[in-house]
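Working notes, beginning with the structure itself.
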Amino acid sequence: MNLKFNNINLLRIMKKYMVLCAGLCVALAFSSCKSSESAYKKAYEKAKAQETQTAAQGPISTETPVVTPLETTPATQTTMVDNVDNATVRTEDVTVVSGAGLQNYSVVVGSFSLKANAEGLQNTLKNAGYDAQIAYNSARNMYRVVASTFADKSSAVQSRNQFRAGNYPDAWLLFKK
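Numbering-wise, the sequence shown is residues -31 to -1, 1 to 146 according to mature numbering (1 follows the signal peptide of the UniProt record, and there is no 0).
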């Protein structure tokens, strides 16, 4: 019986210590966490103090430099530079599928993997009064729709620029091999 009594007392003491330790842990947890509200309040007060300090100093005068534009052009106006030497030209080995034949420089306004799509654009260009042709690039398996073709590069560049200013902003120059 004495042994039973000791075990019960021991359990009571252990229970008390466990409750005491748990309470101590809870107290430490709550006391170690500081409210972040005070940090926000300090930052707010510091900003207010700086604001009142700058207001007390008076307005700061900074002169903005005046910049005059050299030339103004409306956004709808496009300036084209006819620099023939710097014009990009692609060189491809093409064969004429539909049309009279290509000269050295051609203006390509469309490229399609399907011949039917190329024929559609060719018909649109012919209805608009252009002598459009279709050339096939077998290396790339693409049908090129040629809107105009020229013997010299400068005429081709002028024609390309006209197409770019119109309905074909992606027009490019082709040099036939």
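Ideal Cβ placement from N, Cα and C applies to all residues, glycine included.
All values reported here derive from a predicted model rather than from experimental measurement.
Going by DSSP in three states, G(-9) sits in which element: helix, strand or coil? helix
What residue does the alpha helix (DSSP H) around residue 161 start on, and which one ends it? Nothing can be reported for residue 161: it is not among the residues displayed for the chain, which extend from -31 to 146.
Can you tell me the Cα-Cα spacing of K(-16) and N(-26), whole angstroms? 15 Å
What does a CB cutoff of less than 6 Å around G68 pick up in its chain, not counting 5 residues either side in sequence? Q102
Helix, strand or coil for Q102, going by three-state DSSP, please let me know. strand
Please classify K145: does DSSP put it in a helix, a strand, or coil? strand
Run the CB neighbour count on G70, radius 10 Å, all protein chains shown included, and call it buried at 16 or more, exposed below. exposed
N106 and E61: beta carbons closer than 7 Å? yes
Taking buried to mean at least 16 other C-beta atoms within 10 Å of its own C-beta, is L(-8) buried or exposed? exposed
Rounded to the nearest angstrom, what separates I(-24) and Y9 at their Cα positions? 53 Å
In the structure shown, what three-state DSSP assignment does T23 receive? helix
Rounded to a whole number of angstroms, what is the C-alpha to C-alpha distance between residue 148 and A97? The structure shown does not extend to residue 148, since the chain is modelled only from -31 through 146, so no value can be given for it.
Tell me which same chain residues have a C-beta within less than 8 Å of the C-beta of L90, skipping the five on either side of it? V78, G79, F81, A101, V114
Classify F(-2) as buried or exposed, calling it buried when 16 or more other Cβ atoms lie within 10 Å of its own Cβ. exposed
By Cβ distance, which residues of its chain are closer than 7 Å to Y99, with the 5 residues on each side in sequence left out? A116, S117
Out of curiosity, what's the CA-to-CA distance linking R(-20) and C(-11)? 14 Å
Same chain, Cβ closer than 6 Å to M49, five either side skipped, listed in chain order: At M49 the pLDDT is 46, less than 50, meaning the model places this residue with poor confidence; the figure from the coordinates comes in the next sentence. Answer for M49: N130, listed in chain order.
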